[in-house]
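Number of protein chains: 2
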Amino acid sequence: MSNHLVIMAGGIGSRFWPMSTPERPKQFIDVLGCGRTLLQLTLDRFGDICPPERVWVVTSAKYADIVAQQLPQVPADHILQEPCRRNTAPCIAYVSWRIKKQEPKANIIVAPSDHVIMNTTEFQRVVRSALAFTAETDSIVTLGMHPTRPETGYGYIQGDLSEPCARNREIFRVDAFHEKPDLTKAERYIKRKDFFWNSGLFVFRVSTIVNALRIYAPEIANIFESLIPYYGTPEEQEQINLHFPECPNISIDYSVMERAEEIYVFPSDFGWSDLGTWGSLHEQSQRDQYDNACIGEHIELHETRNCIIHATEERRVVIQGLDGFIVAEKDDALLICPRSQEQLIRQFVEGK
Amino acid sequence: MSNHLVIMAGGIGSRFWPMSTPERPKQFIDVLGCGRTLLQLTLDRFGDICPPERVWVVTSAKYADIVAQQLPQVPADHILQEPCRRNTAPCIAYVSWRIKKQEPKANIIVAPSDHVIMNTTEFQRVVRSALAFTAETDSIVTLGMHPTRPETGYGYIQGDLSEPCARNREIFRVDAFHEKPDLTKAERYIKRKDFFWNSGLFVFRVSTIVNALRIYAPEIANIFESLIPYYGTPEEQEQINLHFPECPNISIDYSVMERAEEIYVFPSDFGWSDLGTWGSLHEQSQRDQYDNACIGEHIELHETRNCIIHATEERRVVIQGLDGFIVAEKDDALLICPRSQEQLIRQFVEGK
Numbered sequence: 002m003s004n005h006l007v008i009m010a011g012g013i014g015s016r017f018w019p020m021s022t023p024e025r026p027k028q029f030i031d032v033l034g035c036g037r038t039l040l041q042l043t044l045d046r047f048g049d050i051c052p053p054e055r056v057w058v059v060t061s062a063k064y065a066d067i068v069a070q071q072l073p074q075v076p077a078d079h080i081l082q083e084p085c086r087r088n089t090a091p092c093i094a095y096v097s098w099r100i101k102k103q104e105p106k107a108n109i110i111v112a113p114s115d116h117v118i119m120n121t122t123e124f125q126r127v128v129r130s131a132l133a134f135t136a137e138t139d140s141i142v143t144l145g146m147h148p149t150r151p152e153t154g155y156g157y158i159q160g161d162l163s164e165p166c167a168r169n170r171e172i173f174r175v176d177a178f179h180e181k182p183d184l185t186k187a188e189r190y191i192k193r194k195d196f197f198w199n200s201g202l203f204v205f206r207v208s209t210i211v212n213a214l215r216i217y218a219p220e221i222a223n224i225f226e227s228l229i230p231y232y233g234t235p236e237e238q239e240q241i242n243l244h245f246p247e248c249p250n251i252s253i254d255y256s257v258m259e260r261a262e263e264i265y266v267f268p269s270d271f272g273w274s275d276l277g278t279w280g281s282l283h284e285q286s287q288r289d290q291y292d293n294a295c296i297g298e299h300i301e302l303h304e305t306r307n308c309i310i311h312a313t314e315e316r317r318v319v320i321q322g323l324d325g326f327i328v329a330e331k332d333d334a335l336l337i338c339p340r341s342q343e344q345l346i347r348q349f350v351e352g353k
Numbered sequence: 002m003s004n005h006l007v008i009m010a011g012g013i014g015s016r017f018w019p020m021s022t023p024e025r026p027k028q029f030i031d032v033l034g035c036g037r038t039l040l041q042l043t044l045d046r047f048g049d050i051c052p053p054e055r056v057w058v059v060t061s062a063k064y065a066d067i068v069a070q071q072l073p074q075v076p077a078d079h080i081l082q083e084p085c086r087r088n089t090a091p092c093i094a095y096v097s098w099r100i101k102k103q104e105p106k107a108n109i110i111v112a113p114s115d116h117v118i119m120n121t122t123e124f125q126r127v128v129r130s131a132l133a134f135t136a137e138t139d140s141i142v143t144l145g146m147h148p149t150r151p152e153t154g155y156g157y158i159q160g161d162l163s164e165p166c167a168r169n170r171e172i173f174r175v176d177a178f179h180e181k182p183d184l185t186k187a188e189r190y191i192k193r194k195d196f197f198w199n200s201g202l203f204v205f206r207v208s209t210i211v212n213a214l215r216i217y218a219p220e221i222a223n224i225f226e227s228l229i230p231y232y233g234t235p236e237e238q239e240q241i242n243l244h245f246p247e248c249p250n251i252s253i254d255y256s257v258m259e260r261a262e263e264i265y266v267f268p269s270d271f272g273w274s275d276l277g278t279w280g281s282l283h284e285q286s287q288r289d290q291y292d293n294a295c296i297g298e299h300i301e302l303h304e305t306r307n308c309i310i311h312a313t314e315e316r317r318v319v320i321q322g323l324d325g326f327i328v329a330e331k332d333d334a335l336l337i338c339p340r341s342q343e344q345l346i347r348q349f350v351e352g353k
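Just so you know, the sequences run in chain order A and B. Residues 2 to 353, numbered by my numbering, are exactly what the first sequence covers, in order. Residues 2 to 353, numbered by my numbering, are exactly what the second sequence covers, in order.
1) Cα separation between G322/B and K102/A?
2) Mind checking I229/B: buried by the 16 CB within 10 Å criterion, or exposed?
3) Can you check which of these residues, N307/A, I309/A and K331/A, is closest to R418/A by C-alpha distance?
4) Can you find a C-beta in chain C that's less than 8 Å from the C-beta of G34/B?
5) Below 8 Å on the Cβ atoms is my contact criterion, and I expect L44/B with V111/B to pass it. Report the Cβ-Cβ distance as a whole number of Å.
6) Among the candidates N199/B, H244/B, R347/B and R206/B, whose CA atom is the shortest distance from the CA of V267/B?
7) If you count every other CB in all the chains shown that lies within 10 Å of the CB of E152/A, and 16 or more means buried, which is it?
8) With DSSP run on the structure shown, which of helix, strand or coil describes D327/A?
9) Report the rounded CA-to-CA distance for A133/A versus F17/A, giving the unit in angstroms.
10) Against chain A, with Cβ distances strictly below 8 Å, would Q287/B count as a contact?
11) Could you tell me the boundaries of the alpha helix (DSSP H) in which N223/A lies?
12) Nearest by alpha-carbon distance to P53/A: which of P73/A, Y64/A and T234/A is it?
13) How far does the alpha helix (DSSP H) with C295/B in it reach, from first residue to last?
14) Determine, for I337/A, whether the minimum Cβ-Cβ distance to residues of chain B falls below 8 Å.
15) Scan the stretch 42–81 of chain B and note each continuous beta strand (DSSP E) run of 3 residues or more that stays entirely inside, going in chain order.
16) Apart from the five residues on each side of it in sequence, which residues of its chain come closer than 8 Å, Cβ to Cβ, to A136/B?
17) With respect to the beta strand (DSSP E) encompassing W18/A, which residues constitute its N-terminal and C-terminal limits?
18) With which residues is Q159/B paired in a DSSP beta bridge?
19) List, in order along the chain, the chain A residues whose C-beta lies closer than 8 Å to that of Q394/B?
20) Counting contacts by CB-CB distance shorter than 8 Å, is F349/B in contact with chain A?
21) By DSSP's criteria, M9/A is part of a beta bridge. Which residues make up the other side?
22) So E330/A contacts chain B; which residues on that side make the cut at Cβ distance below 7 Å?
23) Would you say the stretch 166–176 of chain B touches the stretch 277–297 of chain B, given that touching needs at least three Cβ pairs under 8 Å?
24) Measuring CA to CA, which of S163/B, Y64/B, Y155/B and L184/B is closest to F178/B?
25) Which chain B residues sit within Cβ distance under 8 Å of L345/A?
26) Would you tell me roughly how many angstroms separate the C-alpha atoms of I337/B and V75/B, rounded to the nearest one?
27) Going by beta carbon distance, what residues of the same chain come within less than 6 Å of T22/B, once the five residues before and after it are set aside?
28) Spell out the partners DSSP gives A334/A in its beta bridges.
29) Strictly by DSSP, which residues pair up with I118/B?
30) For R260/B, collect the residues of the same chain with a Cβ closer than 8 Å to its Cβ; drop the 5 residues on either side in sequence, then sort them by chain order.
31) Would you call L302/B buried or exposed, if buried means 16 or more other Cβ atoms sit within 10 Å of its Cβ?
32) With three or more C-beta pairs closer than 8 Å as the rule, is the stretch 226–242 of chain A touching the stretch 159–167 of chain A?
33) Between R317/A and chain B, is any beta-carbon pair separated by less than 8 Å?
Here's what the structure looks like:
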């Protein structure tokens, strides 16, 4: 049984415009100002759980060069290119069938590429423990985060805490998945002990997910089943380009997780954030004494508080008397928006 | 008697950073978004008062190319280059001696290059009237603006309104020049009828100003008198580079206007602003219904009021929920500052 890591790196990060642009979305940017992009941090944090020759990255065709450049240790033919965006179910199906042809006994952890995890030691412990569990069972394990606030931007996983698994007493059966709640619901959720944030981190054997897709998403399974002759051959990309667009646009949560049997949750706590909002980026970034998070070499703040400033390296930014704003500039774009209204940013980008 | 126009274009416009930079100060920028720079507008507004071959521009050596490019109709040898900044007295002395050698009977109007005048018809009428007056008298005429608010950023000219000049009943003797006042003083000034803003527009015959400089600024006069053999020769620039720096750093107001006899004021009203502040730029610019003044091709404002936004053409700027701010970006600099605190901008630039 060998461990494989699948990194999903096809997002477009529109909420972080203009820091994140369609040409270079947030996973390919050093958004924390630490010298490594989120994609690089994602691979880094797995340490020796999975050697580079068993790492796979699924991304859009147009980002393949960026991935290869940022992760030179990953084999070129492990960078799988989606010709179009079809959400997570076709993404995971493609890479699973691809891995299965090469290594039918693979044990896989799937990770988004644009999240942040602060406690790597605890993260590795949890991942190893979950991999050991799936190695011995036909189960799908989701990593559920202990919620710390009534977050409306995340989905929630409800676990059945009445009885832990015999093989791993940290792991529980899933009772239900709950979509992103409104604030009232979220406040109710976090008062309970059995609700966890859905981190998008999944662990399963390749045979388990392939079987689950065959049952719960046969229209997707049939496509990737039919392409088996081409995986690992020079024709693979051409065939994918032809047939991948036929997949329905659907998430793995909706198509499999919420419907399959043998779904488990591993409640854990390793300082995870999906960095899905400027608010969470602010929270994860180093801040000055006035609660400003600055990414950029030449940012000068005067009487400025509670701001997030993101500027390209060469640019000199001088700000006087601003409170609670996002200021982000890149290439030929500049955004100034109150932190409390960041949900509008997506409209600004899409409306352009 | 021939009319000559002298445009002073050596300012560095530091209050308008980063729209105005030391490499391209505000007089060389289309700050109003009308398709012409302030320098070009300055020449434009004189119409046929003075043909291009009698226009002179005094500027810093480093801006000579920009001037030549923006005013191609002005003869190349009429663009006088100061090797260093010495305020307005040496500037006017240099160009006056230079003109005098070529045209001892010249009648001159001196104009700053970074102001704005809205009513060109009235402006031309006043200038013609003043030039007719100085053509016949050994006088220096200042154009004084009827004040509309207690402005503390301007100097004031106090006229003796008891008796208009016999030759021109719109022109009065000057009683006194007053430096930029504090608010209390400015409020007192504008309640009176005899106080006018000093526009920096002067009219005089070349012989009049040369004689005045000989009497009131002999240390400057001696330098430019000694260079007479070189004006209009290939050695001119070399000699200016050698001796111009010897001039004291002093304004024409302080060295001559406040001390000479035969100083007159022509109270007038042609929509003048020195555009010395972002506030005055805001006032002079076209504004949207929410009182925003935008210069830039791709500026999108949402729930934004009372702002001045200045962006380079290519840049897309999206602003949400900002009130009363200056946002200016250019090259590798971005400034965000409340309009009420624009006096701090100079510090930001100089402190860099």
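C-beta atoms are modelled at their ideal positions from N, C-alpha and C, and glycine is treated no differently.
Answer, in terms of the structure:
1) Position 321 of the second sequence holds residue 322/B. Position 101 of the first sequence holds residue 102/A. Spanning the two alpha carbons is a distance of roughly 54 Å.
2) Residue mapping note: residue 229/B aligns to position 228 of the second sequence, counting from 1. Looking at its Cβ environment, which holds fewer than 16 other Cβ atoms inside 10 Å, I229/B is exposed.
3) The displayed coordinates of chain A run from 2 to 353. Any statement about residue 418/A would go beyond what the structure contains.
4) The chain labelled as chain C is not found among the protein chains of the depicted structure, namely A and B.
5) Translated into the one-based positions of the second sequence, residue 44/B becomes position 43. Translated into the one-based positions of the second sequence, residue 111/B becomes position 110. Contact flag wrong, Cβ pair sits at about 13 Å.
6) Counting from one through the second sequence, the residue named residue 267/B turns up at place 266. First, the residue type needs correcting, since residue 267/B is Phe and not Val in the sequence shown. That would be N199/B, whose Cα lies nearest to the Cα of F267/B.
7) Position 151 of the first sequence, counted from the start, is the residue given in the question as residue 152/A. Buried is the call here.
8) For the purposes of this step, residue 327/A is identified with residue 326 of the first sequence, where counting begins at 1. The displayed chain sequence assigns Ile, not Asp, to residue 327/A. In the structure shown, I327/A sits in a strand (DSSP, three-state: E or B).
9) Sequence index remark: in the first sequence, residue 133/A carries index 132 (1-based). Sequence index remark: in the first sequence, residue 17/A carries index 16 (1-based). For A133/A and F17/A, the distance between alpha carbons rounds to 37 Å.
10) If you number the second sequence from 1, residue 287/B lands on position 286. So no, Q287/B is outside the interface.
11) The count along the first sequence starts at 1 and reaches residue 223/A at position 222. Run containing N223/A: P219 to S227, per the alpha helix (DSSP H) assignment.
12) Residue 53/A sits at position 52 when you count from the first residue of the first sequence. When only C-alpha atoms are compared, the closest one is P73/A.
13) Taking the second sequence and counting its residues from 1, one reaches residue 295/B at position 294. Taken as a continuous stretch (DSSP letters only), C295/B belongs to no alpha helix (DSSP H), being part of the beta strand (DSSP E) at A294 to I296.
14) Numbered from its first residue, the first sequence carries residue 337/A at position 336. Interface residue, yes.
15) 56–61
16) In the second sequence, the residue the question calls residue 136/B occupies position 135. M2, N108 and R206, listed in sequence order.
17) In the first sequence, the residue the question calls residue 18/A occupies position 17. No beta strand (DSSP E) holds W18/A; DSSP gives it neither H nor E.
18) On the second sequence, residue 159/B is found 158 positions in, with the first residue counted as 1. For Q159/B, which the question treats as bridged, DSSP gives the partners A177/B and F196/B.
19) Residue 394/B falls outside the range modelled here, since chain B spans only 2 to 353, and no answer is possible.
20) Start at 1 with the first residue of the second sequence, and residue 349/B comes out as number 348. With 8 Å as the cut-off, F349/B counts as an interface residue toward chain A.
21) Here residue 9/A is taken as the residue at index 8 of the first sequence, counted from 1. Per DSSP, V59/A and P113/A.
22) As a position in the first sequence, residue 330/A is number 329, starting the count at 1. By Cβ distance, chain B contributes L335.
23) no
24) Along the second sequence, one-based indexing puts residue 178/B at 177. Measuring from the Cα of F178/B, the nearest candidate turns out to be Y155/B.
25) Taking the first residue of the first sequence as position 1, residue 345/A is located at position 344. Within chain B, the residues near L345/A are H303 and Q321.
26) Start at 1 with the first residue of the second sequence, and residue 337/B comes out as number 336. Start at 1 with the first residue of the second sequence, and residue 75/B comes out as number 74. Each residue's alpha carbon lies about 38 Å from the other.
27) Counting from 1 along the second sequence, the entry for residue 22/B is found at position 21. Taken in chain order, the list of residues that qualify is empty.
28) What you label residue 334/A is simply residue 333 of the first sequence in a count that begins at 1. In the DSSP output, where bridge partners are listed per residue, A334/A has K331/A and R317/B.
29) Numbered from 1 along the second sequence, position 117 holds the residue referred to as residue 118/B. For I118/B, which the question treats as bridged, DSSP gives the partners W273/B.
30) Mapped onto the second sequence, residue 260/B falls at position 259. Around R260/B: Y217.
31) As a working mapping, residue 302/B is identified with position 301 in the second sequence. Classification of L302/B: buried, given that the 10 Å Cβ count is 16 or more.
32) no
33) For this step, residue 317/A is matched to residue 316 along the first sequence. By this cut-off, R317/A is an interface position.
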